[in-house]
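Undergrad: Residue numbers (our numbering): 1097 to 1408. Pasting a structure below so you can have a look.
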């Protein structure tokens, strides 16, 4: 990871040594485990914190933790265009994503939510077709159909309260959409700015966007048991500060396509953790829907890989 903030992509690449081949892979592994644990922690905290206050608390902790590391490496100096991307990522990925996922997990279990988020690689392929001049192939259309057929199966599975499940599925899909948009925007940023600075600035923007929930956060922290407050801090430090930074670092040294495929393991890890820590698993039909969605993702990505996004 770059240790000094630099202003131009050429200077950055000139002074940054290529990391060992195992380092980006290790960064991905850290990200996957911590993100899987986040689904479980969010589900656990759903009874003590509302979606907005939980998002704000997580982002404040994450921004503080990241700020200590980021400012120790210098003051970042993004360009005006980079600031536009940073603000957009902060509002979408750190703000909207967290609130939508937090509310979604009040309605569906952690494993189901993790499976729904994995539709995002198909959405990334669609965005590439729209904005990066990639061809919208029949295979991409087939993959999109399979993936969202799986989503429909997941939406029909679960508790007898079908309406509540449909809302939860829709919120998780919203989180997947903003994740896909943010990943496309983040790729050129991490090509020219240190990963820790990109993550810190975006996380701070997300925290500012969630400030309207400050009153609720103060009240809920006062009412919540100490164990839940500790889990909130865990969410801010590990799945947010550490995992988003390791993901941004890996994105700098791996293609977006290769990195997107690795997240397929997150639902598996989440389901195992949910069984161990929450004693819950997705409904049987949700496994069928999840498998169908992942097949659709695989079909779409075989023929619709985004071309490299130039820095700047």
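Note that the Cβ used here is the ideal one computed from N, Cα and C, for glycine as well. It should be emphasised that the depicted structure is a prediction, and the values quoted were computed from it without experimental measurement.
1) Please state the DSSP three-state secondary structure of residue 1264.
2) So, with DSSP's three-state summary, where would you put residue 1178?
3) According to DSSP, is residue 1348 part of a helix, a strand, or is it coil?
4) Please confirm if the segment 1296–1303 is in contact with the segment 1129–1137, defined as three or more CB-CB distances below 8 Å between the two stretches.
5) Suppose the cutoff is 6 Å on Cβ atoms and the five residues either side in sequence are ignored; what does the same chain contact list for residue 1366 look like?
6) Throw me the rounded Cβ distance for the residue 1176 and residue 1305 pair, which I believe falls under 8 Å.
7) Residue 1236: which of 1246, 1226, 1218 sits nearest, CA to CA?
8) Is the CB-CB distance between residue 1293 and residue 1115 below 8 Å?
9) Rounded to a whole number of angstroms, what is the C-alpha to C-alpha distance between residue 1277 and residue 1183?
10) Any idea if residue 1327 is buried or exposed, counting beta-carbon neighbours within 10 angstroms, 16 or more meaning buried?
11) With H, G and I counted as helix, E and B as strand and the rest as coil, what does DSSP make of residue 1258?
12) Is residue 1164 close to chain C? Criterion is C-beta to C-beta, closer than 8 Å.
13) My guess is that residue 1247 and residue 1269 are in contact by the Cβ rule of under 8 Å, so how many angstroms apart are they, rounded?
14) How long is the line joining the alpha carbons of residue 1179 and residue 1391, rounded to whole angstroms?
15) Which whole-angstrom value is the C-beta distance of residue 1317 and residue 1214, which I expect to be below 8 Å?
16) Note down the Cα distance separating residue 1290 from residue 1125, rounded to an integer number of angstroms.
17) Pair every Cβ in the segment 1377–1387 with every Cβ in the segment 1145–1164, then say whether three or more of these pairs are closer than 8 Å.
TA: In this structure, then:
1) To locate residue 1264, count along the chain shown from 1; it is residue 168. It is helical.
2) Walking along the chain shown from the start, residue 1178 turns up at place 82. Three-state result, residue 1178: helix.
3) Numbered from 1 along the chain shown, position 252 holds the residue referred to as residue 1348. Residue 1348: helix per DSSP, three-state reduction.
4) no
5) Residue mapping note: residue 1366 aligns to position 270 of the chain shown, counting from 1. Excluding positions up to five away in sequence, the list reads 1132, 1135, 1206, 1207, 1210.
6) Residue mapping note: residue 1176 aligns to position 80 of the chain shown, counting from 1. Residue mapping note: residue 1305 aligns to position 209 of the chain shown, counting from 1. That pair is no contact at about 20 Å.
7) Locating residue 1236 in the chain shown gives position 140, counting from the first residue. Considering only alpha carbons, the answer is 1218.
8) Residue mapping note: residue 1293 aligns to position 197 of the chain shown, counting from 1. Residue mapping note: residue 1115 aligns to position 19 of the chain shown, counting from 1. Going by C-beta atoms, residue 1293 is not nearer than 8 Å to residue 1115.
9) To locate residue 1277, count along the chain shown from 1; it is residue 181. To locate residue 1183, count along the chain shown from 1; it is residue 87. One C-alpha to the other measures close to 13 Å.
10) What you label residue 1327 is simply residue 231 of the chain shown in a count that begins at 1. Looking at its Cβ environment, which holds 16 or more other Cβ atoms inside 10 Å, residue 1327 is buried.
11) Start at 1 with the first residue of the chain shown, and residue 1258 comes out as number 162. Bear in mind that a pLDDT of 46 at residue 1258, under 50, signals an unreliable position, so the number given afterwards is only what the model happens to contain. In this structure, residue 1258 counts as helix in the three-state DSSP scheme.
12) No chain C appears in the structure shown, which is made up of a single protein chain.
13) Looking up residue 1247 in the chain shown gives position 151. Looking up residue 1269 in the chain shown gives position 173. Indeed they touch by this definition, with Cβ atoms about 7 Å apart.
14) What you label residue 1179 is simply residue 83 of the chain shown in a count that begins at 1. What you label residue 1391 is simply residue 295 of the chain shown in a count that begins at 1. Whole-angstrom Cα-Cα distance: 36 Å.
15) Here the question's residue 1317 lines up with position 221 in the chain shown. Here the question's residue 1214 lines up with position 118 in the chain shown. The Cβ separation is near 32 Å, so there is no contact.
16) For the purposes of this step, residue 1290 is taken as residue 194 along the chain shown, with counting starting at 1. For the purposes of this step, residue 1125 is taken as residue 29 along the chain shown, with counting starting at 1. Rounded to whole angstroms, residue 1290 to residue 1125 spans 20 Å at the Cα level.
17) no
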